[in-house]
Structure formats: structure tokens, C-alpha cells
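Mapped onto our numbering, the consecutive letters of the sequence shown carry residue numbers 1 to 156. In this text, a Cβ means the ideal position worked out from N, Cα and C, and glycines have one as well. A short worksheet on the structure shown next.
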Amino acid sequence: MGETIRHGNYEKILFCTDFSENADRAFVFAVNTAVRNAGCELHLLHVIPEPPAQFWKGYIYEVDEDVDARAKREIDAKLAETYRPRVPAGVKLVIAMRIGEAGHRILEYAEETDMDLIIVGRQGAGAVGKILFGNVTERVVRKAGCPVLVIPPLLK
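Following this line, the structure appears as C-alpha cells:
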């Protein structure tokens, strides 16, 4: 990863979202970076933690429907509704979803798709934010094979 960058241009940018307010803030940075890099692909990735995914299988969906396919359609629709309208016409958009531990899945996706840059939003300093996303951000920063841009939350 990263070896494909020529003259400082990014060809593939990975934006990771948990649909939080700060993820929306980080999305602005992702779009602006993609726009400044002509021909760049912008990948949007959402990772569903395994326990909720298992919960959905058992309690929310009908037994006769393919649960994973339905969950994927619903997440893809949410990604498309939340972000696609905000991506300029000249930017190629790729939407992806994975199930599992977020840090691991983000790193796995970045490696599989040969990303040049990962952009993530960091949650606040609160305990819940640190547990849910702080540890994910830390893991991605430590283990990514490409640069990682971490967007902090706005101070209130």
C-alpha cells in the first residue's frame, strides 16, 4: 500500500463511518481530499460489530429471508442516503460493508483494496467513545500500511 502514490496524489481513499456526528465531519475531509486528487476513488466503509449482527439474525428478521443480504441492503441504503448525495460527480464512489471487529475489518479492507489513505473520525474523550471508536482508531493508526488521517471532534 502507498507505493502507488505518484507526485503526492492519492488514487484510493478509504473513509470509515459509524454514522456519528464526527464521522460526518471526517467525511467532509474525505470528499475534499478526493476532489483534490483527480481520478481518485473514494471508498465508504461501515463495519457492523459481530454481536449486533448476531442479534439481528435471531430477533429482527424473518427466518425465511437471507439475513445477511437484508442487513447489507439496509446498510448500503443508509450509506447511499447519508453520503452519496454529497459526493461530487467527478469522484468515483465505492460503498462497502463488513461484519466483525471494526479495527480488524478496516485494516483488512484497506489492504485488500490497496488504499493510499484512510480517513477516520475520532470520538470524544468519554469512556464510551474511547471503547467504541477510540480503540479502533488507535489500532488503525498503529497497524495501517498507508497514511491515516484522524479527524478530532469539534470542541464545544
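Item, Value
"For F19, which of helix, strand or coil comes out of DSSP?", "coil"
"For V136 versus G100, is the C-beta spacing smaller than 7 angstroms?", "no"
"Decide if the stretch 84-92 is in contact with the stretch 111-119; the criterion is three or more beta carbon pairs, one per stretch, under 8 angstroms apart.", "no"
"Taking the alpha-carbon positions, what's the Y109 to C40 distance?", "17 angstroms"
"If you measure between the beta carbons of A30 and I13, is that distance less than 7 angstroms?", "yes"
"Contact check, R122 vs I151 under 8 angstroms by CB: the rounded distance?", "7 angstroms"
"Less than 7 angstroms separating the beta-carbons of V47 and R86?", "no"
"A110 lies in the alpha helix (DSSP H); which residues open and close that run?", "A102 to E112"
"Output needed for L117: all residues of its chain with C-beta closer than 8 angstroms, excluding positions within five of it in sequence on either side, in chain order.", "Y10, K12, I13, L14, T33, C146, P147, V148 and L149"
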